[in-house]
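Here is the structure we will look at.
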Amino acid sequence: MEHALLILNGPNLNLLGTRQPEVYGTTTLADIEELCQQKAKTLGVSVTCAQSNHEGALVDLIHDARGQYAGIILNAGAYTHTSIALLDAIASVEIPTIELHLSNVHAREEFRHTSYIAKAALGIICGFGAQGYVLAIDALVAHLNKDT
Ligand code: DQA
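Oh and the sequence shown: position 141 is 186 in this note's numbering, straight run, nothing missing.
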């Protein structure tokens, strides 16, 4: 295994599949995690998936990633639009982090157009549903391999 990646999902994403399917689709979080494992296998990397509804727990998981993971894919859910603590956590650990959203947040309510975590993110993927996680793994691995 060349790289270890952490896929971190925030609040309400445990409800995927039944949560506003017209916005987020019918794919469950377990389906997404399986999709990520399959993609990781094809690229020879490992992925670990975690989900929490709690801001502080997400901060802890980001801290704990230091020295363990080469990259993070973070769907911070609504905390994206509110959390300076998550921004600071990502900036502190200096692990390349992709901000991800299932929906195209820019086509939605005004309050979703602001991202606190974007400032510390390597890049942002949004609007591609579950496929976005696969795209993010591709992008992160390409980034990690670019200097090797
Ligand atoms: C989301 C978009 C956020 O605005 C929202 O609060 C979510 C999910 C997405 O994946 O599209 O919980 O991050």
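The beta carbon of each residue, even a glycine, is placed where N, CA and C say it ideally should be. Because the structure is a prediction, the values reported are computed rather than measured.
Taking only heavy atoms of the ligand DQA into account, decide whether any of them is closer than 7 Å to the Cβ of residue i.
i: S148; result: yes
i: A102; result: no
i: G89; result: no
i: L53; result: no
i: A152; result: no
i: A234; result: What the structure shows of the chain is the stretch from 46 to 193, and residue 234 is not part of that stretch, so it cannot be assessed.
i: L185; result: no
i: L131; result: no
i: R111; result: no
What do you get for residue i, buried or exposed, if any count of 16 or more other CB atoms within 10 angstroms of its CB means buried?
i: G55; result: buried
i: S128; result: buried
i: L60; result: exposed
i: A102; result: exposed
i: V150; result: buried
i: H146; result: buried
Roughly how many angstroms lie between the CA atoms of residue i and residue j, to the nearest whole one?
i: A85; j: E139; result: 22 Å
i: L167; j: T142; result: 5 Å
i: K191; j: D183; result: 12 Å
i: T93; j: L51; result: 5 Å
i: G172; j: G112; result: 31 Å
i: G177; j: G122; result: 14 Å
i: L100; j: T72; result: The question names Leu, yet the displayed sequence has Glu at residue 100. Using only the alpha carbons, I get a separation of about 24 Å.
i: A31; j: A75; result: Outside the modelled stretch of the chain, which goes from 46 to 193, sits residue 31, for which no answer is possible.
i: I162; j: D133; result: 8 Å
i: I135; j: I118; result: 11 Å
i: L53; j: G116; result: 11 Å
i: L180; j: I170; result: 8 Å
i: L88; j: A110; result: 21 Å
Roughly how far, in whole angstroms, is the beta-carbon of residue i from the beta-carbon of residue j, given that I think they are within contact range, below 8 Å?
i: V90; j: E47; result: 6 Å
i: A187; j: L80; result: Contact flag wrong, Cβ pair sits at about 18 Å.
i: H126; j: S97; result: The pair is not a contact, with the Cβ atoms about 17 Å apart (cut-off 8 Å).
**Study point:** the segment 152 to 159 contacting the segment 60 to 67, beta-carbon criterion three pairs below 8 Å
**Key:** The segment 152 to 159 vs the segment 60 to 67: no contact.
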